[in-house]
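Student: Residues in the sequence shown are numbered consecutively from 270, following the numbering used here.
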Amino acid sequence: MKLELEARQDDLTGLLSRRRVGLALSQELSRTERYGASTSLVMIDLDHFKEVNDQNGHAVGDEVLRRVGAAVARMVRATDSAGRFGGEELLLVLADTGAGDAWVLAERVRAAIAELDLNGVRV
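#1: Check whether the segment 334–344 and the segment 277–290 touch, using three or more Cβ-Cβ pairs below 8 angstroms as the test.
#2: So, at 7 angstroms on beta carbons, what are the nonlocal neighbours of LEU387 in its own chain, with the 5 sequence-adjacent residues on each side left out?
#3: Leaving aside the five residues before and after THR301 along the sequence, list all residues of the same chain whose C-beta is less than 8 angstroms from its C-beta, in chain order.
#4: If you draw a straight line from the alpha carbon of ASP394 to that of TYR304, how long is it in whole angstroms?
#5: Count the other CB atoms within 10 Å of the CB of ARG353; is the residue buried (16 or more) or exposed (fewer)?
#6: By Cβ distance below 7 angstroms, which residues in the same chain neighbour ARG287 in space, the five residues on each side in sequence not counted?
#7: Classify THR348 as buried or exposed, calling it buried when 16 or more other Cβ atoms lie within 10 Å of its own Cβ.
#8: Along the chain, where does the beta strand (DSSP E) that runs through ASP314 open and close?
#9: Taking only the alpha-carbon atoms, compute the straight-line gap between ALA375 and ILE382 and give it to the nearest angstrom.
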């Protein structure tokens with residue numbers, strides 16, 4: 270059971286693993302194609318993350334990822350999928366969402382991340 274959870278969930282962010290968010294994207298695009306719904310993607314890349322690790326250590330970088338993941342998880346709907354795509358990259362798959370609404374959510378997520386208390390670390 271633990272292995273299955275690890276395959277589904279990224280251990281640092283608590284979001285979906287890269288494989289699972291990719292699967293969610295594939296499924297959502299198939300649904301979009303079949304029913305003509307809108308699907309949007311939002312890619313989040315944390316600026317200067319390499320410097321966070323280099324200057325503060327990987328433990329601090331890991332904590333930044335945990336807090337960012339928790340903030341993102343609070344902002345997406347149950348019908349959306351949020352996952353860690355790469356080192357400091359997150360992917361949001363937004364079901365039934367057009368470009369305008371995706372932009373609004375992306376800006377809200379950006380603002381929420383900017384407001385996080387990261388003990389002086391800026392991302």
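Virtual Cβ for every residue (Gly too), placed ideally from N, Cα, C.
Tutor: Inspection of the coordinates gives the following:
#1: yes
#2: VAL333 and ARG336
#3: SER307 and THR308
#4: As displayed, the chain neither begins before 270 nor continues past 392, which places residue 394 out of reach and without an answer.
#5: Around the CB of ARG353, 16 or more other CB atoms lie within 10 Å, so the residue is classed as buried.
#6: GLY352, ARG353 and PHE354
#7: exposed
#8: 308–314
#9: 11 angstroms
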